[in-house]
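Protein chains in written order, with this note's numbering: chain A, 18 to 199; chain B, 3 to 628.
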């Protein structure tokens, strides 16, 4: 059976639009693994997430790790593929055709210049949940207001059910008149 | 069409849209594009709760109850960090205005010593008035001797240790007493700015209210010190402005002439460029180049300086500096200091326009630097004008698109000119205020800011005020916005309420009076002091209010601080970075009333902002029993 993998969500009420998650993401994916080291080594910095503004609300956006991912379906070389827990990009196989970029409904995948096995090329970038990072996603760790979190679908569903069940019960108990009539 | 609508939302000025369409066509970015690219802007910065004052940081305070740090590494709270950041902004603004004043004192000194390369003392009457304030003898002495003593005395204000700064004593005695009571009577211009930098260093002053009081102190040294010095000495050297007519907006650029834009702040440069452009040698050079003459037009405050004194047309305010270049009709943009976008370098590269920096203090990427020194002012100005004229032949006529929009205006209302228009005393105006035909006076000033539709805040706030019989005095980019909107014509009295309309008509004045550049807000202070003294009250008792509808610069923060410190309620149209501190917000919007008798209010809606000012004026009228 396929596992339902985690994904990153933002609480727009907490997001300050400070772009710290973008910097943390870009730095975590460098060879140096940190911002200062990467800048000193003249490494290219590419965030996989993006902070946007919708009217007055600021929030970060990143890959939803779709179950039936359009980026995977559209990839002609199989560079974008589904693992057990997330959608991945093999930059070596990527030809930089940007089809994934065009079909992603979240704008969460983009093509930029990078170095793959000593060769400079254009390839796709997307959130990989920092699976190689033992502390977990760099953006979640860096967010100064804890607006970002790594969530597991089952937990989310269970928590939501519990919350809504409680609300339902509270609503019932506060409206006893109504319930009796029924 | 969506694009056009998008562009229409950027400004209410009809000259802006065709230029932004043109920019899009050419693929050159402007301030509006860069602002869009900057969104979302960091919320910590917006709230003022990030601190980079030491290298244990950078620190930032979480505004959320249940998440993130509540103190910096040193233990500074949001209140401390916001207060420190705010007064550092005041230090920046006060430094800019006051250094401008210092340059004028330097020029006056050189001129008095006979070393000024083309400057002269034009207003002896003002020289003598100022000399009297400093108790400098004038009888039987040449104007140069008096000017030298005055320049030395004024120069000393900057480095004074124990005060008082002479021009602060123009304020009513009651006001000076307020300043002395709360320890905010400045001891010297530079000293108060330095003390802000000291107090905001790691581990020095950590009491938000105590910090803000120092900010007010430095701001008073700016408004009643550095800025007043800049205004007064400019008047001595270049003449006190008198009413005259001119034109404003991008349409003042001439299709068949050499167009020179002067942009920045200090009249020491713009005056000489204007003079050099009228030099017969330059004129014949322009003719030889095939041009119909030389047209100098201003942008921002140095434009206001030469508009006020010589009727030199103004091409626009802060947000139009790039648009002037985009017309393709500008041979040179000559700049000195303050509010000059570094973007002008790359932009001029796309056109034939030469971007010429002149100040020893200010260099820009992509600019040709021709350093300006007062000792050889005229010669250097001629060199610069020559460069512009020689550039005319590189203009590409098929690239030229000058908008038709321009507006006539009546400008030049220095305090002296207003008094003269009133018949020599403020009494007729004070009587009109007492009778209620003029409800009160509003000083509306400040910058442009892409956070607000260009000129929307300025024009609508001012229109709302005059409609309610509030006479408006203005400087800086607000003045330019009002001039462009036709509010500086005597005919604009038709837009005023009945009482103000009558007064304007009988005196032949516009309902919105142009008092000059941003340092010339000192003229408004001097005027308020004269009115308060005439009535025997404090400035805070007068039915007056201030506003900065589209402010953006540190200078504007200092201005706001000294206007409030002078006892004048002030409405800000963009939110200052203080909301991260409940205490600082409370002090600025409420607590300040118990100290200086005035507060700030923030209101981005110009109609509501005007209403706040009118309500305040009504309250003051009721308290005075008029």
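Glycine is no exception: its CB is placed at the ideal position from the N, C-alpha and C atoms.
Where residue 56/B meets chain A, residues with beta-carbon distance less than 9 Å: Position 54 of the second chain, counted from the start, is the residue given in the question as residue 56/B. Here the premise fails: no neighbours, minimum Cβ distance about 18 Å.
Whole-number beta carbon distance between residue 272/B and residue 262/B, since they are thought to touch under 8 Å: Taking the second chain and counting its residues from 1, one reaches residue 262/B at position 260. Taking the second chain and counting its residues from 1, one reaches residue 272/B at position 270. Contact doesn't hold; Cβ gap of about 10 Å is too wide.
Option nearest residue 29/A by Cα separation, candidates 39/A, 46/A, 77/A and 37/A: On the first chain, position 12 is the one that residue 29/A refers to. Cα-wise, what sits closest to residue 29/A is 77/A.
Beta-carbon proximity of residue 356/B to residue 278/B, cut-off 8 Å: Residue mapping note: residue 356/B aligns to position 354 of the second chain, counting from 1. Residue mapping note: residue 278/B aligns to position 276 of the second chain, counting from 1. Cβ distance not < 8 Å, so residue 356/B and residue 278/B don't count as in contact.
Contact belief for residue 231/B with residue 107/B at Cβ below 8 Å, rounded distance in angstroms: Here residue 231/B corresponds to residue number 229 of the second chain, with the count starting at 1. Here residue 107/B corresponds to residue number 105 of the second chain, with the count starting at 1. So it is a contact: roughly 6 Å between Cβ atoms.
Burial state of residue 312/B, where buried means 16 or more other Cβ atoms lie within 10 Å: Position 310 of the second chain holds residue 312/B. So residue 312/B counts as buried.
Cutoff 8 Å: residue 198/A Cβ touching any chain B Cβ: Mapped onto the first chain, residue 198/A falls at position 181. A caution first: residue 198/A carries a pLDDT of 48, below 50, which makes its placement in the model too unreliable to give a value.
Strand pairing of residue 256/B, partner residues [DSSP]: Start at 1 with the first residue of the second chain, and residue 256/B comes out as number 254. In the DSSP output, where bridge partners are listed per residue, residue 256/B has none listed.
Status (buried if at least 16 other CB within 10 Å, exposed otherwise) for residue 57/A: Counted from its first residue, the first chain places residue 57/A at position 40. With fewer than 16 Cβ atoms within 10 Å of its Cβ, residue 57/A is classed as exposed.
Cβ-based burial, residue 64/A [other Cβ within 10 Å; buried from 16]: Mapped onto the first chain, residue 64/A falls at position 47. Buried: at least 16 other Cβ atoms inside 10 Å.
First and last residue of the uninterrupted beta strand (DSSP E) at residue 132/A: Taking the first chain and counting its residues from 1, one reaches residue 132/A at position 115. Element bounds for residue 132/A: 127-133.
Proximal residues to residue 407/B (C-beta, below 7 Å), its chain only, five neighbours per side dropped: The residue given as residue 407/B occupies position 405 in the second chain. Cβ neighbours of residue 407/B beyond the five flanking positions: 16, 17, 251, 252 and 253.
Exposure of residue 396/B, with buried meaning 16 or more beta-carbon neighbours within 10 Å: Numbered from 1 along the second chain, position 394 holds the residue referred to as residue 396/B. Exposed, because fewer than 16 other Cβ atoms sit within 10 Å of the Cβ of residue 396/B.
Residue-chain proximity (residue 73/B, chain A), Cβ-Cβ < 8 Å: As a first step, residue 73/B is located in the second chain; it is residue number 71 there, counting from the start. By this cut-off, residue 73/B is not an interface position.
Where residue 100/B falls, given that 16 or more other Cβ within 10 Å makes a residue buried: Position 98 of the second chain, counted from the start, is the residue given in the question as residue 100/B. So residue 100/B ends up on the buried side.
Residues that residue 264/B bridges to, as DSSP identifies them: Within the second chain, residue 264/B is the residue found at index 262, counting from 1. Note: residue 264/B sits in a beta bridge opposite 300/B and 336/B.
Minimum Cβ-Cβ distance from residue 63/A to chain B less than 8 Å: The sequence position of residue 63/A within the first chain is 46, counting from 1. For residue 63/A, the answer is no, since every Cβ of chain B falls outside 8 Å of its Cβ.
Beta-carbon neighbours of residue 31/A, restricted to chain B and to distances below 8 Å: Locating residue 31/A in the first chain gives position 14, counting from the first residue. Under the 8 Å cutoff, chain B gives 66 and 69.
Residue 162/A: contacting residues in chain B (beta-carbon distance under 8 Å): Residue numbering aside, residue 162/A sits at position 145 when the first chain is read from its first letter. The contacting residues are 64, 65, 66, 69 and 70.
DSSP three-state assignment for residue 542/B, whether helix, strand or coil: Translated into positions along the second chain, residue 542/B becomes position 540. Helix at residue 542/B.
Buried versus exposed call for residue 18/A [16 or more other C-beta atoms within 10 Å across all chains shown]: Position 1 of the first chain holds residue 18/A. Caution is warranted here: a pLDDT of 44 is assigned to residue 18/A, below 50, making its placement in the model unreliable, and no coordinate value can be reported.
Residue 138/A (DSSP reduced to helix, strand or coil): The residue given as residue 138/A occupies position 121 in the first chain. Here residue 138/A sits in strand by DSSP.
Limits of the unbroken alpha helix (DSSP H) element including residue 184/A: Within the first chain, numbered from 1, the residue matching residue 184/A stands at position 167. Where residue 184/A is concerned, the enclosing alpha helix (DSSP H) stretches over 170-191.
CB contact below 8 Å: residue 143/A versus chain B: For the purposes of this step, residue 143/A is taken as the residue at position 126 of the first chain. Judged by the 8 Å Cβ criterion, residue 143/A is not in contact with chain B.
Contact with chain A by residue 455/B, beta-carbon distance below 8 Å: For the purposes of this step, residue 455/B is taken as residue 453 along the second chain, with counting starting at 1. Answer no: the Cβ-Cβ gap between residue 455/B and chain A never drops below 8 Å.
Under 7 Å by beta carbon: chain B residues contacting residue 16/A: One cannot answer for residue 16/A here, as it falls past the ends of chain A, which runs 18 to 199.
Proximity test, Cβ basis, 8 Å: residue 133/A and chain B: Reading the first chain from its first residue, position 116 is the one you call residue 133/A. Cβ-Cβ to chain B under 8 Å: no for residue 133/A.
Any C-beta of chain B under 8 Å from that of residue 68/A: Here the question's residue 68/A lines up with position 51 in the first chain. Interface residue, yes.
The region 442-454 of chain B in contact with the region 608-625 of chain B per 3-pair CB rule at 8 Å: yes
Same chain only: Cβ atoms within 8 Å of residue 198/A, ignoring 5 sequence neighbours per side: By 1-based counting over the first chain, the position of residue 198/A is 181. Because residue 198/A carries a pLDDT of 48, less than 50, the predicted location of this residue cannot be relied on, and no value is offered for it.
C-beta contact flag for residue 314/B and residue 248/B at 8 Å: Taking the second chain and counting its residues from 1, the one referred to as residue 314/B is at position 312. Taking the second chain and counting its residues from 1, the one referred to as residue 248/B is at position 246. Yes, they are a contact pair.
Range of the contiguous alpha helix (DSSP H) that encloses residue 568/B: Locating residue 568/B in the second chain gives position 566, counting from the first residue. Residue 568/B -> no alpha helix (DSSP H), and no H or E assigned at all.
CB of residue 69/B within 8 Å of CB of residue 162/A, strictly: The residue you call residue 69/B lines up with position 67 of the second chain. The residue you call residue 162/A lines up with position 145 of the first chain. Cβ distance < 8 Å, so residue 69/B and residue 162/A count as in contact.
Beta-carbon proximity list for residue 401/B, same chain, < 6 Å, skipping 5 on both sides: Walking along the second chain from the start, residue 401/B turns up at place 399. Here the set comprises 330.
Residue 76/B - containing alpha helix (DSSP H), residue span: Within the second chain, numbered from 1, the residue matching residue 76/B stands at position 74. Segment: none, residue 76/B is in no alpha helix (DSSP H) and carries neither H nor E.
Test: residue 138/A CB closer than 8 Å to a CB of chain B: By 1-based counting over the first chain, the position of residue 138/A is 121. With 8 Å as the cut-off, residue 138/A does not count as an interface residue toward chain B.
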